[in-house]
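Visitor: Numbering (UniProt numbering), first residue to last: 1 to 818.
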């Protein structure tokens with residue numbers, strides 16, 4: 001028999017591409033979350049209006065809810081400190097600081113109101129200055145602890161908020177710009193080079209934008225209600241065409257929302273199509289979130305419909321950045337029930353709990369959001385290579401095919417830009433209040449969402465099973481016992497196994513379970529292997545494509561399936577959150593009727609069928625990132641629409657194993673999504689491009705109850721069969737991104753991967769992230785142009801099946817001017 005490696009190399013026409021490993025020894029991290037707050041912050045309240053939206057109950061309700069969920073005990077409480085004058089002056093002018101300081105000496109209510117009338121939408125009392133200083137100081141304590149690796153992330157439960165406070169002017173409930181001061185402090189005092197500020201308050205943080213508009217080391221990203229400029233603060237510069245000063249173009253990203261009532265899917269689309277691609281390319285060293293919760297359902301100011309649980313997902317999807325260094329700072333949010341729940345779920349995510357399963361997204365996306373996202377992409381793509389999916393057209397070009405064109409339009413319907421600044425601002429009756437019947441109905445919806453949200457977390461996080469049977473082997477074959485033993489040794493060396501629940505005493509899977517996927521005809525053949533002669537076994541092996549069989553092979557394959565099914569039971573019974581199956585032989589090429597491509601039984605397909613049969617699951621997502629297409633899983637999925645199968649694989653126009661046209665992007669069923677790569681080496685950048693633009697949108701729309709991963713590591717660097725250049729680190733990012741789904745229920749099963757050092761490092765990164773450690777930062781490579789074509793083709797083909805893929809369009813080939 002030909003050497004299996006040579007045989008497969010001939011079949012797939014592989015050219016081995018050597019690369020230098022950039023990954024280092026994986027060190028496990030104990031995730032620790034900081035929490036900082038000052039109980040005295042309830043003393044900041046409006047003396048003349050007890051119904052003012054920015055009220056002490058905003059603080060006390062959040063503190064009550066996070067205490068109820070036992071989150072305060074799980075965090076490290078940081079000491080309160082007051083910011084120094086010099087720290088405030090990192091952003092604000094001295095004269096303005098002095099004027100705010102003097103308010104502490106005022107006594108009379110009318111004097112406070114008179115002082116407030118100098119600014120737009122603020123109030124003062126005698127404690128305002130002190131508490132504003134404490135808010136800024138608490139944030140700086142948190143940022144310093146995170147940057148200096150004393151904590152991994154943290155939440156600043158502070159008020160008054162800050163992102164509207166300008167250098168010399170209080171504004172919009174804000175006095176000192178906490179997030180801007182924190183970013184400046186991180187840059188100038190802590191040596192942080194690149195800071196990402198994400199502002200998810202429904203109001204534009206215009207003061208933060210002004211502070212960093214000419215700074216290419218701070219990327220400011222904001223989505224906000226705009227209504228063509230007629231929503232507060234009614235600024236022309238809140239629009240998408242304001243992209244940064246000439247020396248910092250692309251580092252100011254505005255996503256203006258021109259319609260109310262937007263839902264979870266609309267906000268998720270902003271993340272996957274704009275924020276995540278840009279943020280990963282920017283590669284920040286620190287992430288700061290201006291966390292206003294006024295886009296949440298029930299908030300009278302935002303009039304949006306994001307559910308509290310969705311904030312958990314937005315937070316989770318940003319946590320792989322900056323080695324997990326993230327600080328969340330409270331800004332707005334004025335519906336107390338949704339504010340307290342959304343903030344609590346954000347903190348729950350920071351401490352490492354799984355994202356709650358969200359309600360099915362009510363697709364389609366709002367057309368206004370789709371248009372805005374396309375406009376933002378047009379404005380930003382000259383500066384960010386990651387924004388490359390949309391096509392280009394020149395004025396006068398003939399329309400080709402069915403692709404639509406989007407001609408961005410800049411509109412402004414506000415009044416502020418054309419008005420002189422008033423000598424006095426109104427201090428009463430300036431805010432919108434939901435009518436009582438509307439308020440009651442919205443709060444009823446929020447309570448129903450809370451009641452239906454599963455916040456339980458298993459006592460054990462990650463289960464691990466390893467089947468290291470050595471009798472299934474053949475001399476010099478790449479699919480060998482050392483694959484699983486090298487992974488086991490690496491996980492032990494990296495001190496990850498000691499943190500896992502080790503599953504032992506595995507039993508081979510029963511025949512009736514195997515029949516959920518495989519035909520009796522195939523199983524009957526395999527059952528008789530142990531009694532066959534060597535010649536009969538050789539003949540049986542030869543009847544399959546690229547499979548070797550030994551007398552013990554069938555039992556070892558059944559043992560591998562048995563180990564994987566034990567993980568399914570542990571996860572579905574709530575005993576563990578997730579799991580990793582270090583098993584062989586692999587399985588994703590095995591079809592119902594035949595063994596193929598090193599695979600005897602289809603481990604992951606059997607696990608999916610088993611989970612549906614035993615636990616009545618209706619939606620299982622299988623993601624296959626093996627470099628080879630899992631044709632066996634596809635065949636199973638094509639006949640069961642409860643399975644969504646997404647595969648990213650080397651294709652080379654059907655010349656790469658398994659060499660079938662069915663591996664292309666034109667699939668016959670909605671629930672099979674192939675992302676087939678052609679023309680050259682792929683690396684981290686191309687795979688992340690596909691994750692952001694295809695995998696995550698479709699996966700969220702499907703809303704799985706369980707995620708299974710066919711985890712081949714043969715697309716990783718130095719693999720002799722794959723020829724690709726993915727870093728071991730990126731597999732941790734894939735794992736983290738997918739773990740936001742299915743309430744964290746995720747099982748990763750080993751498939752291919754034939755460089756022992758590489759697969760061991762890949763597995764270590766995956767298991768570390770399953771255990772709750774943040775992924776390590778990536779250095780992304782330039783994109784392969786062929787990958788852009790592939791992702792674009794997939795989107796255009798799948799858009800008729802999946803409403804989340806609404807961004808196939810051509811945009812003008814011109815650069816924006818503000």
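Ideal Cβ positions, reconstructed from N, Cα and C, are used throughout, including at glycine.
1. Just to confirm my understanding: we take residue 27, look at its own chain, exclude 5 residues before and 5 after, and list those with CB closer than 6 Å. What are they?
2. Which class does residue 509 belong to by DSSP, given the choice of helix, strand or coil?
3. Where does the unbroken alpha helix (DSSP H) through residue 209 begin, and where does it stop?
4. Assuming residue 628 and residue 712 are in contact, meaning their beta carbons sit under 8 Å apart, how far apart are those beta carbons, in whole angstroms?
5. Using the C-alpha atoms, what's the distance from residue 507 back to residue 655?
6. Inspect the beta-carbon positions of residue 53 and residue 301 and report whether they are closer than 9 Å.
7. For the alpha helix (DSSP H) containing residue 788, name the first residue and the last one.
8. Where does the unbroken beta strand (DSSP E) through residue 310 begin, and where does it stop?
9. Would you decide whether residue 598 is buried or exposed? Buried here means 16 or more other CB atoms lie within 10 Å of its CB.
10. What's the call for residue 653, buried or exposed, on a 16-neighbour Cβ count within 10 Å?
11. Unbroken beta strand (DSSP E) runs of length 3 or more, entirely within the region 131–205: which are they?
12. Per DSSP, what kind of secondary structure is residue 233 in: helix, strand or coil?
13. In angstroms, rounded to a whole number, what distance separates the CA positions of residue 580 and residue 134?
14. Could you tell me if residue 120 is buried or exposed, where buried requires 16 or more neighbouring beta carbons within 10 angstroms of its beta carbon?
15. How many angstroms separate the CA atom of residue 127 from the CA atom of residue 43?
16. Here's a check: name, in chain order, each residue in its chain whose Cβ is nearer than 7 Å to the Cβ of residue 544, leaving out the five neighbours to either side.
17. Out of 620, 632 and 583, which one is the CA nearest neighbour of residue 591?
18. Just to confirm my understanding: we take residue 336, look at its own chain, exclude 5 residues before and 5 after, and list those with CB closer than 6 Å. What are they?
19. Between the region 666–681 and the region 792–807, do three or more beta carbon pairs fall short of 8 Å?
20. Once DSSP output is grouped into helix, strand and coil, what is the label at residue 63?
21. With respect to the alpha helix (DSSP H) encompassing residue 612, which residues constitute its N-terminal and C-terminal limits?
22. Among the residues of its own chain, which have a CB less than 6 Å from the CB of residue 7, if the five just before and after it don't count?
23. Please report the straight-line C-alpha distance between residue 1 and residue 541, rounded to a whole angstrom.
24. Could you tell me which of 702, 39 and 584 sits nearest to residue 360, measuring between CA atoms?
25. I need the boundaries of the alpha helix (DSSP H) containing residue 714, first residue and last residue.
26. Return the chain-ordered list of same chain residues with a C-beta closer than 7 Å to the C-beta of residue 24, the five sequence neighbours on each side being excluded.
27. Would you report the Cα separation of residue 615 and residue 573, rounded to the nearest angstrom?
28. Tell me the rounded alpha-carbon separation between residue 748 and residue 643.
29. Can you tell me where the alpha helix (DSSP H) holding residue 747 begins and where it ends?
30. Using a Cβ-Cβ cut-off of 6 Å (strictly less than) and excluding sequence neighbours within five positions of residue 72, which residues of its own chain qualify?
31. DSSP puts residue 628 in a beta bridge; with which residues?
32. Roughly how many angstroms lie between the CA atoms of residue 59 and residue 343, to the nearest whole one?
33. Can you tell me the Cα-Cα spacing of residue 813 and residue 197, whole angstroms?
34. Excluding sequence positions up to five away, which residues of its chain have a Cβ less than 8 Å from the Cβ of residue 514?
35. Hey, would you say residue 93 sits closer than 9 Å to residue 167, going by beta carbons?
36. Helix, strand or coil, according to DSSP, for residue 392 in the structure here?
Guide: Judging by the given coordinates:
1. In the chain shown, the residue the question calls residue 27 occupies position 27. For residue 27, the pLDDT reaches just 44, beneath the cut-off of 50, and the residue's location in the model is therefore unreliable, although a value from the coordinates is still provided. Closer than 6 Å at the Cβ level, and outside the excluded window around residue 27, lies no residue.
2. Residue mapping note: residue 509 aligns to position 509 of the chain shown, counting from 1. Coil.
3. The count along the chain shown starts at 1 and reaches residue 209 at position 209. 206–212 is the span of the alpha helix (DSSP H), which, as asked, contains residue 209.
4. Position 628 of the chain shown, counting from 1, holds the residue named residue 628. Position 712 of the chain shown, counting from 1, holds the residue named residue 712. Their Cβ separation, rounded to whole angstroms, is 7 Å, which keeps residue 628 and residue 712 in contact under 8 Å.
5. Sequence index remark: in the chain shown, residue 655 carries index 655 (1-based). Sequence index remark: in the chain shown, residue 507 carries index 507 (1-based). Distance between the alpha carbons of residue 655 and residue 507: 39 Å.
6. Within the chain shown, residue 53 is the residue found at index 53, counting from 1. Within the chain shown, residue 301 is the residue found at index 301, counting from 1. Going by C-beta atoms, residue 53 is nearer than 9 Å to residue 301.
7. Your numbering for residue 788 matches position 788 in the chain shown. First-last of the alpha helix (DSSP H) with residue 788: 785–798.
8. The sequence position of residue 310 within the chain shown is 310, counting from 1. Not the beta strand (DSSP E): residue 310 falls in the alpha helix (DSSP H), residues 308–318.
9. Here residue 598 refers to the residue found at position 598 of the chain shown. It is buried - the Cβ of residue 598 has at least 16 other Cβ atoms within 10 Å.
10. By one-based count along the chain shown, residue 653 stands at place 653. With fewer than 16 Cβ atoms within 10 Å of its Cβ, residue 653 is classed as exposed.
11. 153–157 and 195–199
12. Translated into the one-based positions of the chain shown, residue 233 becomes position 233. Three-state result, residue 233: coil.
13. Here residue 580 refers to the residue found at position 580 of the chain shown. Here residue 134 refers to the residue found at position 134 of the chain shown. Here the alpha carbon of residue 580 sits roughly 45 Å from the alpha carbon of residue 134.
14. Here residue 120 refers to the residue found at position 120 of the chain shown. Per the 10 Å Cβ criterion, buried.
15. In the chain shown, residue 127 corresponds to position 127, counting from 1. In the chain shown, residue 43 corresponds to position 43, counting from 1. Answer to the nearest angstrom: the Cα atoms are 7 Å apart.
16. The residue you call residue 544 lines up with position 544 of the chain shown. Here the set comprises 594, 595 and 596.
17. In the chain shown, counting from the first residue as 1, residue 591 sits at position 591. The candidate whose alpha carbon is nearest that of residue 591 is 632.
18. For the purposes of this step, residue 336 is identified with residue 336 of the chain shown, where counting begins at 1. If we look at residue 336 and ignore the five residues flanking it on each side, its Cβ neighbours are 57 and 61.
19. Counting Cβ pairs under 8 Å, three or more are found: they touch.
20. Numbered from 1 along the chain shown, position 63 holds the residue referred to as residue 63. DSSP places residue 63 in helix when its eight states are reduced to three.
21. Numbered from 1 along the chain shown, position 612 holds the residue referred to as residue 612. Here the alpha helix (DSSP H) through residue 612 covers 603–615.
22. Taking the chain shown and counting its residues from 1, one reaches residue 7 at position 7. Unreliable placement is indicated for residue 7, whose pLDDT of 37 sits below 50; the coordinate value is still reported in the next sentence. Cβ neighbours of residue 7 beyond the five flanking positions: none.
23. Position 1 of the chain shown, counting from 1, holds the residue named residue 1. Position 541 of the chain shown, counting from 1, holds the residue named residue 541. With a pLDDT of only 29 at residue 1, under the threshold of 50, the placement of this residue in the model should not be trusted; the figure read from the coordinates follows. If you take the alpha carbons of residue 1 and residue 541, they lie about 10 Å apart.
24. By one-based count along the chain shown, residue 360 stands at place 360. Of the listed residues, the one whose Cα sits closest to residue 360 is 702.
25. Taking the first residue of the chain shown as position 1, residue 714 is located at position 714. Neither: residue 714 is in no alpha helix (DSSP H) and is coded neither H nor E.
26. Here residue 24 refers to the residue found at position 24 when the chain shown is read from its first residue. For residue 24, the pLDDT reaches just 37, beneath the cut-off of 50, and the residue's location in the model is therefore unreliable, although a value from the coordinates is still provided. If we look at residue 24 and ignore the five residues flanking it on each side, it has no Cβ neighbours.
27. As a first step, residue 615 must be located in the chain shown, where it is residue number 615. As a first step, residue 573 must be located in the chain shown, where it is residue number 573. Spanning the two alpha carbons is a distance of roughly 9 Å.
28. Position 748 of the chain shown, counted from the first residue, corresponds to residue 748. Position 643 of the chain shown, counted from the first residue, corresponds to residue 643. Cα to Cα, the separation comes out at about 16 Å.
29. The residue given as residue 747 occupies position 747 in the chain shown. Under the DSSP assignment, residue 747 falls outside any alpha helix (DSSP H), being part of the beta strand (DSSP E) whose first and last residues are 746–750.
30. Counting from one through the chain shown, the residue named residue 72 turns up at place 72. So the qualifying residues of the chain are 66.
31. Along the chain shown, read from residue 1 onward, the residue named residue 628 stands at position 628. Answer is none; residue 628 lacks a bridge partner.
32. Here residue 59 corresponds to residue number 59 of the chain shown, with the count starting at 1. Here residue 343 corresponds to residue number 343 of the chain shown, with the count starting at 1. One C-alpha to the other measures close to 10 Å.
33. Indexing the chain shown from 1 puts residue 813 at position 813. Indexing the chain shown from 1 puts residue 197 at position 197. C-alpha separation (whole angstroms): 29 Å.
34. Counting from 1 along the chain shown, the entry for residue 514 is found at position 514. So the qualifying residues of the chain are 523, 558, 561, 601 and 606.
35. By one-based count along the chain shown, residue 93 stands at place 93. By one-based count along the chain shown, residue 167 stands at place 167. Their beta carbons are under 9 Å apart, which means residue 93 touches residue 167 by this criterion.
36. For the purposes of this step, residue 392 is identified with residue 392 of the chain shown, where counting begins at 1. Three-state DSSP puts residue 392 in a strand.
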